[in-house]
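First comes the structure, then the notes that go with it.
Number of protein chains: 2
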Amino acid sequence: MAERTSYRDFACSTAQALEIVGEWWTLLIVRDAFFGVRRFDDFQRRLGMSRSVLTIRLNRLVDEGVLETREYESRPPRVEYVLTRKGADLFPVLVSLQQWGDRWASPKPPVVLRHRACGRQTRPHLVCSACGERVSAADVSAEPGPGGSDPNMLPPD
Amino acid sequence: MAERTSYRDFACSTAQALEIVGEWWTLLIVRDAFFGVRRFDDFQRRLGMSRSVLTIRLNRLVDEGVLETREYESRPPRVEYVLTRKGADLFPVLVSLQQWGDRWASPKPPVVLRHRACGRQTRPHLVCSACGERVSAADVSAEPGPGGSDPNMLPPD
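Chains as they are written, first to last, in this note's numbering: chain R, 588 to 744; chain L, 588 to 744.
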């Protein structure tokens, strides 16, 4: 990974998020965890990565607090991997990536979402937390927040 | 990047999206483009990556249709990089990553968003396209869509 430079020192939440979930396979593991996949062999079969790489990725996600292990057999001890609250909070990231892929990169949506509460198919979209209206890039401006100290991580003047 | 396996053949829109934007630096370039950064030297200064790596990344984003070039000087010819519609559609991905980072990875938000239409600070959230109610992972189920053919890319039974 010679090109990799750590974002850890960037005062930018997007960079911090990518520091944790910006690895190639990470979000596909998280996607499968949202689908209810829990066991090593199931992740391995579905994602087709080597066992050694999957082990590294799962351990990284456990270290970062995105997944946690639960023992489901004690003799021999076997664990499964489940999303933490921090991991479940990645739902909007996954949904947004899926919808972008549906629109721009897949001929037909391989997976559709259903909203359990209303029973209908759903393509969730973002709304403003203050007024409830739909927001897009053109409607939103960025400004320095309480942690904004590095000018390169803020919008230019 | 020896660990890289292409997602191109996965029937999964998230995988297809990550095939395009899953590179380390890609989403930070796109973030800066949302901030209005357009010129090579400005991207380079802000992101601190080498000129050769930045060139590869920008060309990749142009090839993928996320950015397009516009000539802003003809003698000598100089181009700037602006988001296409496909690129601007990444807004929900960036906002979702930023908010996750704000919550889980940054002590204080470095950047806050303001909704121009209502004038207030906003933390956009996802709502159902059918009923308008807020959605979270627990409210949504996934099922095969019209392009769903690879069982490993669908929720397990």
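Yeah, the Cβ is synthetic: ideal placement off N, Cα and C, and Gly gets one too.
For residue i, which of helix, strand or coil comes out of DSSP?
| i | result |
| --- | --- |
| glutamate 660 (chain L) | strand |
| threonine 671 (chain L) | coil |
| leucine 700 (chain L) | strand |
| tryptophan 728 (chain L) | Note on identity: in this sequence residue 728 (chain L) is serine, with tryptophan being the wrong assignment. Three-state DSSP puts serine 728 (chain L) in a strand. |
| leucine 654 (chain L) | strand |
| arginine 644 (chain L) | helix |
| valine 666 (chain R) | strand |
| arginine 707 (chain R) | coil |
| aspartate 619 (chain L) | helix |
| proline 738 (chain R) | helix |
| serine 639 (chain R) | helix |
| valine 649 (chain R) | helix |
| leucine 605 (chain R) | helix |
| alanine 589 (chain R) | Low confidence applies to alanine 589 (chain R): its pLDDT is 36, below 50, so where it sits in the model is not reliable, and the reading given next is rough at best. If DSSP states are grouped into helix, strand and coil, alanine 589 (chain R) belongs with coil. |
Whose Cβ in chain L lies nearer than 7 angstroms to the Cβ of residue i?
| i | result |
| --- | --- |
| isoleucine 607 (chain R) | Ala692 |
| glutamate 667 (chain R) | Neighbours of glutamate 667 (chain R) on chain L: none; closest Cβ ~13 angstroms, over 7 angstroms. |
Could you give the residue range of the beta strand (DSSP E) that holds residue i?
| i | result |
| --- | --- |
| valine 714 (chain L) | 712-714 |
I need the boundaries of the alpha helix (DSSP H) containing residue i, first residue and last residue.
| i | result |
| --- | --- |
| phenylalanine 627 (chain L) | 627-634 |
| arginine 690 (chain R) | 678-691 |
| arginine 721 (chain R) | From DSSP, arginine 721 (chain R) is part of no alpha helix (DSSP H); its letter is neither H nor E. |
For a contact meaning CB atoms closer than 9 angstroms, what does residue i contact in chain L?
| i | result |
| --- | --- |
| proline 696 (chain R) | Ser600, Gly732, Pro733, Gly734 and Gly735 |
Could you work out which residues of chain R lie near residue i, taking near to mean beta carbons separated by less than 9 angstroms?
| i | result |
| --- | --- |
| proline 743 (chain L) | Asp619, Phe622, Gly623, Val624, Asp629 and Arg633 |
Step through the CB atoms of chain B and report whether any lies within less than 8 angstroms of the CB of residue i.
| i | result |
| --- | --- |
| proline 664 (chain R) | The structure shown contains no chain B; its protein chains are R and L. |
Worksheet item: When Cβ atoms are compared, which residues of the stretch 638-661 of chain R fall closer than 7 angstroms to chain L?
Response: Flagged, chain order: Val640.
Worksheet item: Quick one, which residues of the stretch 614-633 of chain R are near chain L if we go by CB-CB under 8 angstroms, in chain order?
Response: The stretch 614-633 of chain R vs chain L, Cβ under 8 angstroms: Leu614, Leu615, Arg618, Phe621, Phe622, Gly623, Val624, Asp629, Arg632 and Arg633.
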